[in-house]
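Comments concern the structure below.
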Amino acid sequence: MALQDSQQEGNTPPPEPVFQIQDAIAAGDDDDADSSIGEEENDRLDLQHELYVRTLDGDLAVCPKAKGAKRVLDMGTGTGSWAIDYADANPQAHVTGVDLSPIQPALVTPNVSFEIDDLEKEWTWTQKFDFIFARMMFGCFADFPQIITVAFDNLQLGGYLEL
């Protein structure tokens, strides 16, 4: 009754529940998961990438392995901007971008591939990476320390994980 009274008095109604991409995937409703990422969010992700590159004076990463890496994983690739730019700047590398949402472009250079997958599930790559990159992923995983452990387990000896 109090809720109805406050709404009638012109007060702000209670907030609607927050919809998570994970909720749609867990429910088996991939269409809802895909549609929750809109053009505005894609633009925001691309702008965020551009701001990082400018902040780093044109560099895509800061770790020593960033230049010269051969097998690269981009965790939470989003629109794929970082993976594409890295592959363009490092033609010797093969870059695999992974995300929950299929929002990456279909036409890319041969040294880039995108996979739609949940990094919180078992990683099935048979070869280890020498550079694993993840930007702005804090808070995206239920068990972040476990993701870090799995990432380190999938690095070649001497490889780098850049967060």
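Quick note, the sequence shown lines up with residues 1 to 163 if you use UniProt numbering.
Note that the Cβ used here is the ideal one computed from N, Cα and C, for glycine as well.
Where Ile132 is concerned, the enclosing beta strand (DSSP E) starts and stops at Phe129 to Ala134. Using a C-beta cut-off of 8 Å, the stretch 123-131 makes contact with the stretch 150-159, since at least three inter-stretch Cβ pairs fall below that distance.
With at least 16 other beta carbons inside 10 angstroms of its own, Leu60 counts as buried. Under the three-state reduction of DSSP, Gln104 is assigned to coil, being neither helix nor strand.
Between Lys70 and Gln92, the C-beta gap is smaller than 8 Å, which places the two residues in contact. DSSP, read as helix, strand or coil, puts Gln92 in coil. Contact check for Asp130 and Gly97: beta-carbon distance about 16 Å, past the 8 Å limit, so the pair fails to qualify. Between Gln48 and Met136 a beta carbon distance of about 7 Å is seen, short of the 8 Å cut, so the two are scored as contacting.
With fewer than 16 other CB atoms across the displayed protein chains lying within 10 angstroms of its CB, Thr109 is exposed. Close CB contacts of Leu161 within its chain, under the 6 Å cut and outside five residues either way in sequence, are with Ile132 and Ala151 (chain order).
For Val150, the enclosing alpha helix (DSSP H) stretches over residues Phe144 to Asp153. One thing to note: Gly68 has its Cβ no nearer than 8 Å to the Cβ of Leu45. Ranked by Cα distance from Asn111, the options Ala134, Asp85 and Asp117 are led by Asp85.
For Leu45, the three-state secondary structure derived from DSSP is helix. Relative to the Cα of Met75, the nearest Cα in the group Gly139, Asn42, Leu119 and Ala89 belongs to Leu119.
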